[in-house]
Amino acid sequence: MTADAPETTDPLWEELLADARSIAEEYREDGWDAVVLEPTAVSPVEQDERVGLDVTVSAEEYDIVEELVEAGAVTITAADVYYRPPAEAESDRRVALTVERDDATETAIFVPLTYDLAACRPVFETALLEEELLTHVTTQSTDQWVSFSHDDPSLFLEASDVRAWGPDDE
638 MTADAPETTD PLWEELLADA RSIAEEYRED GWDAVVLEPT AVSPVEQDER
688 VGLDVTVSAE EYDIVEELVE AGAVTITAAD VYYRPPAEAE SDRRVALTVE
738 RDDATETAIF VPLTYDLAAC RPVFETALLE EELLTHVTTQ STDQWVSFSH
788 DDPSLFLEAS DVRAWGPDDE
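Count the sequence shown with the numbering used here and you get residues 638 to 807, in order.
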């Protein structure tokens, strides 16, 4: 599927990024290390190796996340999801912010997300059935990724979204 580039002039996206920076600053004031990512694209992915949302970031941001998580310095033990309802009732555009936390090392990685509900429907249907939504932070310059798991995919949706997905609505 094609990548869904964040609309940089979209007020909802700009508000989400501003909120991410503000919340990260509160974490820093409390002594935490906080990394705020600024995705260039978010897209559904359904491959053998990974299913969920691919979150494409700059090579520099990816290197930071990879060094923290893959090198073993940080173990994500908790996550918060801040979901924003759509600005327009008829819109398929959704935004959410995940805060991936390692409480022991007081490290947080902020991952803003924007996604088109219709394009991501198969991913969310699978996630709801499996009770896990994965987000995969990656960059265009590598075929590697760092995954974060969320055990309540409904936090990324409106209840009406799921109700609208009746068995005949394919």
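We treat Cβ as the ideally placed atom computed from N, Cα and C, and that holds for glycine. Since this is a predicted model, take the numbers as computed values, not measurements.
Ends of the beta strand (DSSP E) at residue i?
i, result
"Pro681", "678 to 683"
"Ala745", "744 to 753"
"Leu770", "770 to 775"
Beta-carbon within less than 7 Å of residue i's beta-carbon, same chain only, minus the 5 sequence neighbours each way: which residues are those?
i, result
"Leu654", "Glu675, Pro749"
"Ala715", "Arg738, Asp740"
"Ala696", "Thr776, Ser778"
"Arg721", "Leu649, Leu653, Val732, Ala733"
"Tyr664", "Ala671, Ala745"
"Ala724", "Leu649"
Pull up the distance between the alpha-carbon of residue i and that of residue j, whole angstroms please.
i, j, result
"Asp798", "Ala710", "38 Å"
"Ala801", "Ala708", "42 Å"
"Thr639", "Tyr752", "Only weak support exists for where Thr639 lies, its pLDDT of 45 falling under 50; the value from the coordinates is given anyway. Distance between the alpha carbons of Thr639 and Tyr752 is about 11 Å."
"Ser791", "Leu771", "13 Å"
"Glu769", "His787", "5 Å"
"Leu818", "Gly668", "Within the shown structure, residues of the chain are numbered from 638 to 807, placing residue 818 beyond reach of any answer."
"Trp782", "Ala726", "34 Å"
"Leu765", "Leu754", "14 Å"
Considering Cα atoms alone, identify which of the options is closest to residue i.
i, options, result
"Phe747", "Leu766, His773, Asp729, Glu727", "His773"
"Glu651", "Val688, Val692, Val732", "Val732"
"Ser784", "Ala661, Pro723, Leu690, Ala724", "Leu690"
So, at 6 Å on beta carbons, what are the nonlocal neighbours of residue i in its own chain, with the 5 sequence-adjacent residues on each side left out?
i, result
"Glu698", "Leu674"
"Val736", "Asp717, Ala745, Phe747"
"Cys757", "Pro681"
"Thr742", "Val711"
I need the boundaries of the alpha helix (DSSP H) containing residue i, first residue and last residue.
i, result
"Glu651", "648 to 666"
"Ala733", "First-last for Ala733: 730 to 739, but that is the beta strand (DSSP E), not the alpha helix (DSSP H)."
"Ser784", "Per DSSP, Ser784 belongs to no alpha helix (DSSP H); it is in the beta strand (DSSP E), 782 to 787."
Here's a check: name, in chain order, each residue in its chain whose Cβ is nearer than 8 Å to the Cβ of residue i, leaving out the five neighbours to either side.
i, result
"Leu705", "Val672, Val711, Thr744, Ile746"
"Asp656", "Tyr719, Leu734"
"Val848", "The structure shown does not extend to residue 848, since the chain is modelled only from 638 through 807, so no value can be given for it."
Could I get the ranges of all uninterrupted beta strand (DSSP E) runs contained in the stretch 671 to 725, with 3 residues as the minimum, in chain order?
-> Whole beta strand (DSSP E) segments, 3+ residues: 678 to 683, 688 to 693, 715 to 721.
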